[in-house]
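Novice:
There are 2 protein chains.
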Amino acid sequence: MIDARLITLRVFARCGTIGATAELTGYSPSAVSAQLRELQRVLGMQLLAKDGRGVRLTATGRFLVAGSDPLIAQWESLRAAAMEAGDQVQAHFGLGGFSSAAAHLLAPLAATLRSTHPLLEVQVLEAEPARCFDLLIAERIDLAVIVAMQSDTYGEDDPRFEQRVLLDDPLDVIIPGDHPLASRQTATLEELASEPWITEAAGSAYHSLFTAAFTAVGVTPRIAHEAVEWETHIAFVGAGLGVGLLPRLAPLHGAENVVRLRITGRAKPTRRIVAAVRRGSIASPLIQESLRILQVNANRILTARLEEDL
Amino acid sequence: MIDARLITLRVFARCGTIGATAELTGYSPSAVSAQLRELQRVLGMQLLAKDGRGVRLTATGRFLVAGSDPLIAQWESLRAAAMEAGDQVQAHFGLGGFSSAAAHLLAPLAATLRSTHPLLEVQVLEAEPARCFDLLIAERIDLAVIVAMQSDTYGEDDPRFEQRVLLDDPLDVIIPGDHPLASRQTATLEELASEPWITEAAGSAYHSLFTAAFTAVGVTPRIAHEAVEWETHIAFVGAGLGVGLLPRLAPLHGAENVVRLRITGRAKPTRRIVAAVRRGSIASPLIQESLRILQVNANRILTARLEEDL
DNA sequence: ATCGATCATGCACCTATTGTGCAGGGTAAT
DNA sequence: ATTACCCTGCACAATAGGTGCATGATCGAT
Numbered sequence: 004m005i006d007a008r009l010i011t012l013r014v015f016a017r018c019g020t021i022g023a024t025a026e027l028t029g030y031s032p033s034a035v036s037a038q039l040r041e042l043q044r045v046l047g048m049q050l051l052a053k054d055g056r057g058v059r060l061t062a063t064g065r066f067l068v069a070g071s072d073p074l075i076a077q078w079e080s081l082r083a084a085a086m087e088a089g090d091q092v093q094a095h096f097g098l099g100g101f102s103s104a105a106a107h108l109l110a111p112l113a114a115t116l117r118s119t120h121p122l123l124e125v126q127v128l129e130a131e132p133a134r135c136f137d138l139l140i141a142e143r144i145d146l147a148v149i150v151a152m153q154s155d156t157y158g159e160d161d162p163r164f165e166q167r168v169l170l171d172d173p174l175d176v177i178i179p180g181d182h183p184l185a186s187r188q189t190a191t192l193e194e195l196a197s198e199p200w201i202t203e204a205a206g207s208a209y210h211s212l213f214t215a216a217f218t219a220v221g222v223t224p225r226i227a228h229e230a231v232e233w234e235t236h237i238a239f240v241g242a243g244l245g246v247g248l249l250p251r252l253a254p255l256h257g258a259e260n261v262v263r264l265r266i267t268g269r270a271k272p273t274r275r276i277v278a279a280v281r282r283g284s285i286a287s288p289l290i291q292e293s294l295r296i297l298q299v300n301a302n303r304i305l306t307a308r309l310e311e312d313l
Numbered sequence: 004m005i006d007a008r009l010i011t012l013r014v015f016a017r018c019g020t021i022g023a024t025a026e027l028t029g030y031s032p033s034a035v036s037a038q039l040r041e042l043q044r045v046l047g048m049q050l051l052a053k054d055g056r057g058v059r060l061t062a063t064g065r066f067l068v069a070g071s072d073p074l075i076a077q078w079e080s081l082r083a084a085a086m087e088a089g090d091q092v093q094a095h096f097g098l099g100g101f102s103s104a105a106a107h108l109l110a111p112l113a114a115t116l117r118s119t120h121p122l123l124e125v126q127v128l129e130a131e132p133a134r135c136f137d138l139l140i141a142e143r144i145d146l147a148v149i150v151a152m153q154s155d156t157y158g159e160d161d162p163r164f165e166q167r168v169l170l171d172d173p174l175d176v177i178i179p180g181d182h183p184l185a186s187r188q189t190a191t192l193e194e195l196a197s198e199p200w201i202t203e204a205a206g207s208a209y210h211s212l213f214t215a216a217f218t219a220v221g222v223t224p225r226i227a228h229e230a231v232e233w234e235t236h237i238a239f240v241g242a243g244l245g246v247g248l249l250p251r252l253a254p255l256h257g258a259e260n261v262v263r264l265r266i267t268g269r270a271k272p273t274r275r276i277v278a279a280v281r282r283g284s285i286a287s288p289l290i291q292e293s294l295r296i297l298q299v300n301a302n303r304i305l306t307a308r309l310e311e312d313l
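First to last, the sequence lines map onto chains S and X.
Using our numbering, you'd call the opening residue of the first sequence number 4 and step up by one each time.
Using our numbering, you'd call the opening residue of the second sequence number 4 and step up by one each time.
(1) Residues of chain X with a CB under 8 Å from the CB of Asp6(S): which are they?
(2) For Leu122(S), is the classification buried or exposed, using 16 other Cβ atoms within 10 angstroms of its Cβ as the cut-off for buried?
(3) Return the residue from the list Gly180(X), Glu159(X), Gly19(X), Leu67(X) that minimises the CA-CA distance to Leu244(X).
(4) Does the count of Cβ pairs from the segment 267-287 of chain S and the segment 77-84 of chain S closer than 8 Å reach three?
(5) Taking Glu26(S) as part of the alpha helix (DSSP H), name the residues at either end of that continuous run.
(6) What residues of chain S sit near Leu252(X), judged by a beta carbon separation below 7 Å?
(7) First and last residue of the beta strand (DSSP E) that includes Leu128(X)?
(8) So, Phe96(S) versus Val148(S), is the Cβ gap smaller than 9 Å?
(9) Per DSSP, which residues does Gln166(X) bridge with? Please list them.
(10) The alpha helix (DSSP H) that contains Pro32(X), what's its start and end?
(11) With burial defined as no fewer than 16 other Cβ atoms inside 10 Å of the residue's Cβ, what is the status of Glu124(S): buried or exposed?
(12) Quick check: the Cα distance between Glu203(X) and Arg274(X), rounded to an integer number of angstroms?
(13) Note down the Cα distance separating Arg225(X) from Ser197(X), rounded to an integer number of angstroms.
(14) For the alpha helix (DSSP H) that His236(X) lies in, which residues bound it at each end?
(15) So the beta strand (DSSP E) Phe96(S) belongs to, where does it begin and stop?
(16) Give the straight-line distance between the Cα atoms of Leu74(S) and Ser33(X), rounded to the nearest whole angstrom.
(17) Tell me the DSSP secondary structure of Val222(S) in three-state form.
(18) Taking the alpha helix (DSSP H) that Thr63(S) belongs to, which residues open and close that run?
(19) If you follow the alpha helix (DSSP H) that Asp137(S) is in, where does it begin and where does it stop?
(20) Report all residues from its chain with a CB closer than 6 Å to the CB of Met48(X); omit the five preceding and five following residues, and keep chain order.
(21) State the DSSP-derived secondary structure class of Leu255(S), mapped to helix, strand or coil.
(22) Using a Cβ cut-off of 8 Å, pull out every chain X residue sitting near Phe66(S), in sequence order please.
(23) What do you get for Ser293(X), buried or exposed, if any count of 16 or more other CB atoms within 10 angstroms of its CB means buried?
(24) Rounded to whole angstroms, what's the CA-CA distance from Ala307(S) to Ala84(S)? Just pull it up for me.
(25) Please identify the residue among Leu9(S), Glu234(S), Phe213(S), Arg251(S) whose C-alpha is closest to the C-alpha of Val45(S).
(26) Roughly how many whole angstroms lie between the Cα atoms of Ile237(S) and Ile276(S)?
(27) Within 9 Å (strictly less), CB to CB, does Pro224(S) reach chain X?
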């Protein structure tokens, strides 16, 4: 309901380049350029200025973008209230999420919504957390399930988003089946400090979580291998290349020669899984229902995995 | 910046019929019908319901319209703040007003703005007060100069408008040059109670003002003739058909056989001239400047007429 | 310095949204 | 019953808004 060109401007404010804005919004760079020019024309404001080979926001542009946050929130809020008051059903619903955990939560959510709301067109986009926030701003998605990281999570008071903690997913340790500790049910990070560790590439989403867990107990792990997918982590461990961390939500599904141990002791690393929506839209019936479904599913998976693997 | 279809819905909420909405917005009835249908589709809300041979808003529709008031105000406010912060100039400015008084204020305003802002495209629409408010909602105009009437004026707390009193324009009495009181400078309404009065048609904008003036002093005037334009009033008086009221801002410009007397006594009827804008837009530099110009002009005309006619 | 990479923008072209005018159908008033 | 009014669907037209490619401009690397 808010002019699409203002949304585009807001996306640009985050991306900084026309090209990235185009990629995120789904338009071509020419279209974004034309949109922003048109926006300046109708508003009679100079919002962009050339800056090297790119463009940047003027002071007026930054002012407008910052001021548009409550405007968007107000619209979302109104829309949500009207939907609830009128018991209406919306036509499209965009979901975004990152990592297998999000995928395991989003897929059932989408399936449930499809069956309970046959008319609703549900679209799921897999994207990293930071990109999920961008997609929320770009209004490509309406709800994101992400793993909260200190780096790319936004404060409770961010005027653009509202977040709800879905669950704290504990990290387990996975070790080869022939490891001395394999018969144990639990282990501490200190016990495994000297092991060769399998982690993600430095700078990736989970790497900071990994290092944070070890700095909490004051040891520096030896990083032997790097893997991106949990599948790869598990395979590496199964091949005896080292040990690794695995979120409890990530399934082991009967991998050969791999044992999952719960972590005890001073540091019990967890990853926090949160749902994020555009501020104001949290009251929307569809989002409320989604949050409920997510919560139920998350808890069920969590307890099921607890019984299954340990 | 707010979707045009929502604006159309808001206009419809005031008009009640598609046809009137079309007339007010400048679209064809088909276009309005299509717009509202499209709006319902994208929002997934049922906003309209058939009602006899027309349509009416559903509860959801009324809810949405009412809730959109602060949204519009917020946008106007943001826009105004950005214009001021960025020292920007807008491209289009719509003015509306009613009656010769407004015309005498609006014309100089438009002329001044045209000279000080050569790039600004100023458009003036002459319309009755009630219609001016409609035009403000329809975003056809940005500033209206109207004569405040108890019937069609809106409270200070109306979420859609903000109003500033420009001036209180006293009503004078005009009598034929050969009238016994013609040599006087002032008169009271009581003295003229038995005269044949010339007024506007019952129900018209000024008629309520006319009756209010006389009920204040407890007499019931005899209405002899009705006229719409001030010109006609003056001509009737000049022809000796009766006496009438004339706002001080309305010029006599040397009419034959007509004398203007100030009204003294208990009841000194005035018409209040106010400027109305969409709520939030009052801080806009252009509107601030316009209000200043209006104020200066109004005061100047008022004092000039005082010296000239009496 | 030269070259290549990166970005934004203008242009030609195309699509599809969105407008108009008119005909039709349903409903209230005469 | 007839008339008048109001909304809507349809054929058609205008135009806003999209893409893709070529161009120009700037920065970094060779």
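In this text, a Cβ means the ideal position worked out from N, Cα and C, and glycines have one as well.
Specialist: In brief:
(1) Against the first sequence, residue 6(S) aligns to sequence position 3. Correct list: Met4, Ile5, Asp6.
(2) On the first sequence, position 119 is the one that residue 122(S) refers to. Exposed, because fewer than 16 other Cβ atoms sit within 10 Å of the Cβ of Leu122(S).
(3) For the purposes of this step, residue 244(X) is taken as residue 241 along the second sequence, with counting starting at 1. Nearest C-alpha to Leu244(X): Gly180(X).
(4) yes
(5) Looking up residue 26(S) in the first sequence gives position 23. Start and end: 21-28.
(6) Within the second sequence, the letter at position 249 stands for residue 252(X). What Leu252(X) touches in chain S: nothing, since even the nearest Cβ is about 32 Å away.
(7) Counting from one through the second sequence, the residue named residue 128(X) turns up at place 125. Start and end: 124-129.
(8) Here residue 96(S) corresponds to residue number 93 of the first sequence, with the count starting at 1. Here residue 148(S) corresponds to residue number 145 of the first sequence, with the count starting at 1. No.
(9) What you label residue 166(X) is simply residue 163 of the second sequence in a count that begins at 1. Gln166(X) pairs with Ala279(X).
(10) What you label residue 32(X) is simply residue 29 of the second sequence in a count that begins at 1. Where Pro32(X) is concerned, the enclosing alpha helix (DSSP H) stretches over 32-46.
(11) Here the question's residue 124(S) lines up with position 121 in the first sequence. Burial call: exposed.
(12) Counting from one through the second sequence, the residue named residue 203(X) turns up at place 200. Counting from one through the second sequence, the residue named residue 274(X) turns up at place 271. Computed Cα separation, rounded: 15 Å.
(13) If you number the second sequence from 1, residue 225(X) lands on position 222. If you number the second sequence from 1, residue 197(X) lands on position 194. Approximately 7 Å, taken between the alpha carbons.
(14) Taking the second sequence and counting its residues from 1, the one referred to as residue 236(X) is at position 233. Looking at the DSSP string, the run of the alpha helix (DSSP H) that includes His236(X) is 233-241.
(15) Locating residue 96(S) in the first sequence gives position 93, counting from the first residue. Taken as a continuous stretch (DSSP letters only), the beta strand (DSSP E) holding Phe96(S) covers 95-100.
(16) Within the first sequence, numbered from 1, the residue matching residue 74(S) stands at position 71. Within the second sequence, numbered from 1, the residue matching residue 33(X) stands at position 30. Answer to the nearest angstrom: the Cα atoms are 31 Å apart.
(17) For the purposes of this step, residue 222(S) is taken as residue 219 along the first sequence, with counting starting at 1. Residue state, collapsed to three classes: coil.
(18) The count along the first sequence starts at 1 and reaches residue 63(S) at position 60. Note, Thr63(S): alpha helix (DSSP H), 62-89.
(19) For the purposes of this step, residue 137(S) is identified with residue 134 of the first sequence, where counting begins at 1. Looking at the DSSP string, the run of the alpha helix (DSSP H) that includes Asp137(S) is 132-140.
(20) On the second sequence, position 45 is the one that residue 48(X) refers to. Only Thr63 meet the Cβ criterion.
(21) Counting from one through the first sequence, the residue named residue 255(S) turns up at place 252. Residue state, collapsed to three classes: coil.
(22) On the first sequence, residue 66(S) is found 63 positions in, with the first residue counted as 1. Per Cβ cutoff of 8 Å: Ala84, Ala85, Ala88, Gly89.
(23) Along the second sequence, one-based indexing puts residue 293(X) at 290. Looking at its Cβ environment, which holds 16 or more other Cβ atoms inside 10 Å, Ser293(X) is buried.
(24) Taking the first sequence and counting its residues from 1, one reaches residue 307(S) at position 304. Taking the first sequence and counting its residues from 1, one reaches residue 84(S) at position 81. When rounded, the distance between both Cα atoms is 36 Å.
(25) Residue mapping note: residue 45(S) aligns to position 42 of the first sequence, counting from 1. Here the closest residue by C-alpha is Leu9(S).
(26) Start at 1 with the first residue of the first sequence, and residue 237(S) comes out as number 234. Start at 1 with the first residue of the first sequence, and residue 276(S) comes out as number 273. Rounded to the nearest angstrom, the two C-alpha atoms are 21 Å apart.
(27) Position 221 of the first sequence, counted from the first residue, corresponds to residue 224(S). Not closer than 9 Å to any Cβ of chain X, the Cβ of Pro224(S) fails to qualify, so no.
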